[in-house]
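Engineer:
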Amino acid sequence: MKLITYTLAIFGLGLMASCGSGTQDRQSTVDTAANEKFKSYEDRFILQLWKENPEWATQVGFHQYDSLLTIPDADAQKLRLEFSKRHLDSLKNFDLSTLNLSQQTDYHLIQNYLESNIWAIEKERAYEWNPSSYNVGGTIAFMLAENYAPLSTRLKAIYHRLTKIPAYYEAAKGQLKNPASVLTDLAIQQNLGGLSVFENDLRDSLKKSDLSASEKEAIQKASQQAIAAINGYVQFLKVAPNPSPRSFRLGKELYDKKFDFDIQSGSTAEQIYQAALARKSYLHGEMYKISKELWPKYFGKSSLPSDSLLVIRKMIDTLSVNHVKAEEFQSAIEAQIPKLVAFVKQKDLLYIDDSKPLVVRKEPAYMAGVAGASISAPGPYDKGGNTYYNVGSLTGWTKEATESYLREYNHYILQILNIHEAIPGHYTQLVYANQSPSLIKSILGNGAMIEGWAVYTEQMMLENGYGDNAPEMWLMWYKWHLRTVCNAILDYSVHVKNMSEKDAMHLLVDEAFQQQAEAAGKWKRVSVSSVQLTSYFTGYKEIYDLREAVKQKEGKQFNLKAFNEKFLSFGNSPVKYIREMMLK
């Protein structure tokens, strides 16, 4: 899961305040006392949430429980169930109609989180079949990397977590019953990858610290015991009998329910799947038109193939050879960021806060194996922290695999990737969201809205002239956008319709025009995750549909910058609730 949070600039904050007050004025039933009572409840809920989830608290910047580590045993699950049921009862004390619109959304987010918890423990039961859910590397790496407190303070808290790691992995072994084979492989890869946190990062931090010799020795000893526990867990996964491993596929019943909880869409999973199929057909038509237009430029008088998909494939393959060198991949990303900022400002698409740092870095080892690029941003309590753009490394790849990957992220696609991940996509939206008045929306943010915004901004940038309206750029964006669409098709097809790897590769390579390496990576991703891949298309579709509805409502008064900033001002809310607030 991506760690994502945001910041709202002064202009946006003012816009939010004016929007909120105007909306509340129109709500005659809003009760100020009820609002204050609910705000008090939210504060209590959040504090109890962090006590129940100390690792999550650390990552969002709440450090009161940094020395705690949850032991994932049956007792912890019982406490989690009790927590969820207790707070669902607390929510019944509030009348939704007396809360302002922002608090109504918070109410729904809390309710969804609690009900999802109960369902995950009682019905999904992934703790029995997903060994990759047990991994301590990320929380220790975060505490070492983020300068939220003096190094000595962080190391002392890390020590307490280290001492609990052996018990953590013993509990994990006890929970697993019939792990899915592909998830077992992922758990082995990621836990071994995380060893460098203990063997290198922690050791180097100890050398830099001003701790006493005895304190350093105690931490080093605890670290060695943690390393032994991780290796023991990996060995357990390799040799433990597993005669009937669970399929990694969720199945329709679990999938539909998980979609409802995770995506919080106004549509069902089946409806999104059907919409994605229709979108795929539309994109194929547009791509064929552009490919026919470009054909003489790149192929001269050679005849056009009769197969429309072959025409598109040949054009994409021709354009894809234009890419950076492997050793320049990260530096090329770094060079593009300021150009994107300049374009957004020139076109006045939305306000960008230049004071927030974006650090491009090699993807940490403990994150490897799921996605090639992602954003890790500071939480709402760590607003001054770094925002990282994690770039997957090509080190150790074969020459053929590297070339395939670079053709996938060619000259055109690399720019679109940076729009999506950085400006004005994830990074920009995350900057806005951290300043949302609602802490609930920052910590229980809706992934479909977050991913959907990033996809929406790709189209918005091209609509406003990014790439000089070159048909090559549009063709490549359609190709990239086809990935978003096929993500939704693939995820539903694999987990609900039992799509085979062969059919999945046909969809991705032949119909979505992906390189073999990219398609293979996507198959791996859909094998180790579920539902999240639908968030991109679902969120995009709902945001785009909302923009068109606002356009129709406002007519000539419609202003794109105002729409974008107002949309972001609602924080990480599900789009279906933002729609209600913006069209009210």
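Residue numbers (this note's numbering): 43 to 626. Ideal Cβ positions, reconstructed from N, Cα and C, are used throughout, including at glycine. In this text the structure is predicted, and so the values were computed from the model without any measurement.
Inspect the CB distances between the segment 467-480 and the segment 491-501 and report whether three or more fall short of 8 angstroms.
Structural biologist: yes
Engineer: Would you kindly work out how many angstroms separate the C-alpha atoms of I152 and N135, rounded to a whole number?
Structural biologist: 14 angstroms
Engineer: Can you name, in chain order, every residue of its own chain whose Cβ lies under 6 angstroms from the Cβ of R245, other than the five neighbours on each side?
Structural biologist: none
Engineer: Got a sec? Which residues, its chain only, sit under 6 angstroms from Y190 by beta carbon, not counting five neighbours each side?
Structural biologist: D424
Engineer: Per DSSP, what kind of secondary structure is I113 in: helix, strand or coil?
Structural biologist: Annotated three-state conformation of I113 is coil, per DSSP.
Engineer: What residue range does the alpha helix (DSSP H) around Y423 cover?
Structural biologist: First-last for Y423: undefined, no H or E at that position.
Engineer: Is L292 closer than 8 angstroms to P173 when the C-beta atoms are compared?
Structural biologist: In this structure, L292 does not lie closer than 8 angstroms to P173 by Cβ.
Engineer: Short of 6 angstroms in beta carbon distance, which residues of its chain neighbour G613, apart from the five on each side in sequence? Order them along the chain.
Structural biologist: A475, S478, S480 and K483
Engineer: Could you give the DSSP three-state label for L400: helix, strand or coil?
Structural biologist: strand
Engineer: Considering only heavy atoms of the ligand ADP, does any lie closer than 7 angstroms to the CB of A496?
Structural biologist: The model depicted lacks the ligand ADP and carries no ligand whatsoever.
Engineer: Is the number of C-beta pairs between the segment 523-537 and the segment 301-320 that are closer than 8 angstroms three or more?
Structural biologist: yes
Engineer: Since P114 and A214 should fall inside the 8 angstroms C-beta cutoff, what is the C-beta to C-beta distance between them, to a whole number of angstroms?
Structural biologist: With a contact defined as Cβ atoms closer than 8 angstroms, P114 and A214 qualify at about 6 angstroms.
Engineer: G507: buried (16+ other C-beta within 10 angstroms of its C-beta) or exposed?
Structural biologist: Answer is exposed; the Cβ neighbour count stays below 16.
Engineer: What are the boundary residues of the beta strand (DSSP E) that includes N432?
Structural biologist: Counted as a single uninterrupted DSSP element, the beta strand (DSSP E) harbouring N432 occupies residues T429 to V433.
Engineer: Any contact of the segment 453-465 with the segment 373-381, i.e. 3+ C-beta pairs under 8 angstroms?
Structural biologist: Under the Cβ criterion (8 angstroms, minimum of three pairs), the segment 453-465 counts as touching the segment 373-381.
Engineer: Since I believe V527 is in contact with K322 (beta carbons under 8 angstroms), could you give me their beta-carbon distance rounded to a whole number of angstroms?
Structural biologist: The distance from the Cβ of K322 to that of V527 is about 5 angstroms, consistent with a contact at the 8 angstroms cut-off.
Engineer: Here's the rule: buried if 16 or more other CB atoms are within 10 angstroms of the residue's CB, otherwise exposed. What is T74?
Structural biologist: exposed
Engineer: For D304, which residues in the same chain have their Cβ closer than 6 angstroms to its Cβ, ignoring the five residues on either side in sequence?
Structural biologist: V573
Engineer: Can you tell me whether R403 is buried or exposed? The criterion is at least 16 other CB atoms within 10 Å of its CB, across all chains shown.
Structural biologist: So R403 ends up on the exposed side.
Engineer: In angstroms with no decimal places, state the Cα-to-Cα distance between V366 and W516.
Structural biologist: 20 angstroms
Engineer: Just list the residues that DSSP pairs A415 with in beta bridges.
Structural biologist: V433
Engineer: Rounded to whole angstroms, what's the CA-CA distance from E295 to S126? Just pull it up for me.
Structural biologist: 22 angstroms
Engineer: Given a cut-off of 8 angstroms, decide if L218 and E170 are closer than it, judged by their beta-carbon atoms.
Structural biologist: yes
Engineer: Hey, quick one: how far does the alpha helix (DSSP H) through E381 stretch, first residue to last?
Structural biologist: The sequence given here places Lys at residue 381; Glu does not occur at that position. Per DSSP, K381 belongs to the alpha helix (DSSP H) from F371 to K389.
Engineer: Among K300, S256, L133 and H105, whose alpha-carbon lies nearest the alpha-carbon of S571?
Structural biologist: K300
Engineer: Could you tell me the alpha carbon to alpha carbon distance between L110 and N529, rounded to whole angstroms?
Structural biologist: Using only the alpha carbons, I get a separation of about 37 angstroms.
Engineer: Specify the secondary structure class of N177 as computed by DSSP and reduced to three states.
Structural biologist: coil
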